[in-house]
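Chemist:
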Amino acid sequence: MKEAEGFHLKTYLMIACIAIFSPLGNVLLGKGMKDVGSAREWSPSALPHVLARICSSGYIWLGVASLLTFFVAYMLVLTWADYSYVQPSSSLAYAVTGILSYLLLGEVITPLRWLGIAVICVGVLVVGHTAPRTTERV
Amino acid sequence: MLREFLLLTLLVVSGTGGELCVSHAMKQIGEVHDFRPLALVKFVLQALRVAWMWVGVAMMALAFFSLLAMLSFENVSFVVPVTALSYAAGTVGAAVFLRERINTQRWVGVAIVCLGVTIVWLSHR
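These protein sequences, in sequence, are chains B and G. Just so it is clear: in the first sequence, position 111 is 111 by this note's numbering, and no numbers are missing. Just so it is clear: in the second sequence, position 13 is 13 by this note's numbering, and no numbers are missing.
Written out as structure tokens, the structure is:
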């Protein structure tokens, strides 16, 4: 009984990591890139300078670390849980991205954008409820 | 909006293309049964000898830098949801290049994702 509880707990913990670290990574990348400056002003000659600024941004490295954490959690949970059980968490990530953008970056999100994000979540959920393998085993 | 559209196209096409190349490379190597550290190192070295893997990694790096460029002048709440378009590109690519059979439910899901992306795109001020 305790073993089953532990199994569920570690699965929920990993799914929470997936739903939080992927959006958090993107939000941190967004924050870092806003500090680097708009790509609209990048000229080919300025690219090495831009690349140096990207590589020296703490937010960018934190974002990459966060995305790596998401990736490891995703790989780990797939070693014991079904893909169709885990995949819906990536639909949740779109909603969490909206919430974190609003809370951490102060972005103004219109009701129309929330509607679009909700529709995307439903679409990803539907995609996730299909069989993960459609080809024959070799 | 032309710049956003071009960057999104580059991001989705290179990101999905990269994943398809990596998937193709993985299928050439075969299913992994041994998860011991030494076996995994051997597996990674084996993967690095497949040309498709390098093409895939290069395309995924291009997608990452396109994402960074887009994030430099657009809101995260706009950029991340519109990248969901990769579900559509990935499904079409898997059907065409990897010859996977896509069932009706997955096509319906992809159509809903496209509708959502269109709504988010229209919310752009």
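The C-beta atom is built at its ideal place from N, Cα and C for all residues, glycine as well. Note that the structure is a prediction, hence the values are computed from the model and not measured.
Which one of G:E74, G:R99, G:E100 has the shortest CA to CA distance from G:M1?
Modeler: It is G:E74.
Chemist: Going along the chain, which unbroken runs of the alpha helix (DSSP H) with 4 or more residues stay wholly within the segment 39–78 of chain G?
Modeler: Entirely contained in the segment 39–78 of chain G, the alpha helix (DSSP H) runs reaching 4 residues are, in chain order, 51–71.
Chemist: Runs of 4 residues minimum, wholly inside the segment 90–137 of chain B: which ones carry the alpha helix (DSSP H) assignment?
Modeler: Entirely contained in the segment 90–137 of chain B, the alpha helix (DSSP H) runs reaching 4 residues are, in chain order, 111–128.
Chemist: What is the DSSP secondary structure of B:W80, counted as helix, strand or coil?
Modeler: Coil.
Chemist: Please look up how many angstroms separate the CB atoms of G:V120 and B:G116, rounded, as I've assumed it's under 8 Å.
Modeler: That pair is a contact at about 3 Å.
Chemist: In chain G, what lies closer than 9 Å to B:R40 by C-beta?
Modeler: Within 9 Å Cβ-Cβ: R3, S72, F73.
Chemist: Please classify G:I29 as buried or exposed, where buried requires at least 16 other C-beta atoms within 10 Å of its C-beta.
Modeler: Exposed, because fewer than 16 other Cβ atoms sit within 10 Å of the Cβ of G:I29.
Chemist: Apply the 10 Å Cβ neighbour rule to B:G58 and answer buried if 16 or more other Cβ atoms are within range, or exposed otherwise.
Modeler: Classification of B:G58: exposed, given that the 10 Å Cβ count is below 16.
Chemist: Since B:Y74 and B:I18 should fall inside the 8 Å C-beta cutoff, what is the C-beta to C-beta distance between them, to a whole number of angstroms?
Modeler: Confirmed, about 6 Å.
Chemist: When you compare the CB of G:S23 with every CB in chain B, is at least one pair closer than 9 Å?
Modeler: So no, G:S23 is outside the interface.
Chemist: Apply the 10 Å Cβ neighbour rule to B:K31 and answer buried if 16 or more other Cβ atoms are within range, or exposed otherwise.
Modeler: Burial call: buried.
Chemist: Contact between the segment 26–43 of chain B and the segment 70–86 of chain G is defined here as three or more beta-carbon pairs at a separation below 8 Å; is this criterion met?
Modeler: Enough Cβ pairs lie closer than 8 Å, so yes.
Chemist: How about G:R106: is its C-beta nearer than 9 Å to some C-beta of chain B?
Modeler: By this cut-off, G:R106 is an interface position.
Chemist: My output table needs one value for G:E19: the three-state DSSP class, helix, strand or coil.
Modeler: In the structure shown, G:E19 sits in a helix (DSSP, three-state: H, G or I).
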